[in-house]
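For the sequence shown, the residue numbers in my numbering are 49 to 325.
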Amino acid sequence: MPVRVAIQGQRGSFHDIAARQFLGEDIRLVSCETFGDTFAALAHGQADKIIVALENSLFGSINQTYDFLLKYKFWISDELYLHVKQCLIGLPGAELSEIREVHSQLPALAQCEAFLDTHMPKAKHVEQHDTAASVAAIKAWDDPSKAAIASAEAANLYGLPILASEIETHKQNYTRFVMVETKPFINEKANKTSLVLTTSHKPGALYNALGVFAGGQMNLTKLQSRPIVGKAWQYMFYMDVSVAAESDEFKSAVVALKKQRCTITVLGSYPAGKTTS
């Protein structure tokens, strides 16, 4: 039986592309409109795994995803970095000079702002919940004055022409996707761990906590503060460290951090992802 995989978006979206790079073509896609719906699908047994964007190389972390990971206490089991190439998609015969509306997700519109300002300065930018859904809407409307920004896969899926390829402003545009499951498990290939750290609320607390990782020769590849809801001006820290959670180094770090009255929540331990095309 195919694995049920929930994503934010639908077939042809970048989440769909990431899901197939993780798990191959033999999957049953569970399309969700929001990140919250995606996590709820996993929580309610409607999906076996979820694939969700965690951060983008240009726009940084997707805080919703981190917050849902902490809320549900799910487990990151894998990651990949997808090279995001945006296309302008419209009806056959459409001309850029005729386009008055461009539809897509807000991040996709932002990633292509320079192209849109240069080639279609008068076109209205219209936010949609999903890139691929924008292409489906363009086909349904059958209006040559409307276009969408999405993947080449979405254009092929809906049988619409690509009016312009690789229109993103910065070509080094990557999104980090993670595979998330309900239960923790030990992956013998893991060499990276994501966690949430909270420290005591006193001067030098974060400095001392970071010193534990430095003393153990563990490389931090991410450190981001997030407000703690209900505790004004107090913060927790999302972190990635380049060791497995089952390693002696990490276990020793956890013991040392607890002595400093820190709280540690491990979000997952997995093989560090590679960049894909």
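Glycine included, every Cβ here is placed at the ideal spot set by N, Cα and C.
Going by beta carbons, Ser213 and Cys135 fall inside the 8 Å limit. Between Leu102 and Tyr286, the alpha-carbon positions lie close to 12 Å from each other. When C-alpha distances from Ile137 are compared across Leu117, Leu130, Trp123, Leu164, the shortest belongs to Leu164. Under the three-state reduction of DSSP output, His218 falls in the coil class, being neither helix nor strand.
Across the structure, Leu77 and Lys250 are spaced so that their CA atoms are roughly 47 Å apart. Inclusion of Glu297 and Ser317 in the CB contact set at 8 Å is not warranted, their separation being larger than that value.
Here Val303 is exposed, its C-beta having fewer than 16 other C-beta atoms within 10 Å. Contact check for Phe83 against Phe116 passes: the beta carbons are separated by less than 8 Å.
Per the coordinates, the alpha-carbon of Ile210 lies some 16 Å from the alpha-carbon of Val132.
At a Cβ-Cβ threshold of 8 Å, Asp96 and Arg52 count as neighbours. In this structure, Ala238 sits away from Gly60, with a CB-CB distance that is not shorter than 8 Å. Judged by DSSP secondary structure, Lys250 falls outside any alpha helix (DSSP H); it is assigned neither H nor E. The shortest CA-to-CA distance from Glu143 to any of Ala171, Leu118, Leu154 is the one to Ala171.
The continuous beta strand (DSSP E) containing Lys194 extends over residues 194 to 198.
Taking 8 Å as the upper bound for CB-CB distance, Ser125 and Asn235 are in contact here, some 7 Å apart. Secondary structure remark: continuous alpha helix (DSSP H) runs of at least 4 residues inside the stretch 132 to 195, in chain order: 154 to 159, 161 to 167, 179 to 189. When C-alpha distances from Thr230 are compared across Ile147, Lys121, Gln112, Lys194, the shortest belongs to Lys121.
Scanning its chain for C-beta atoms nearer than 6 Å, with the 5 sequence neighbours on each side dropped, one finds around Thr247 the residues Ala253, Leu254, Ala257, Cys310, in chain order. Of the candidates Ile147, Ala200, Thr166, Ile147 places its Cα closest to the Cα of Val174. The alpha carbon of Leu130 has as its nearest neighbour, out of Asp288, Val226, Phe87, Lys119, the alpha carbon of Val226. Taking C-beta atoms as the reference points, Ala66 and Leu90 fail to come closer than 8 Å.
With a contact defined as Cβ atoms closer than 8 Å, Leu118 and Thr269 miss out at about 19 Å.
Between Leu208 and the set Ile197, Asn267, Lys187, Ser273, the nearest pair of CA atoms involves Lys187.
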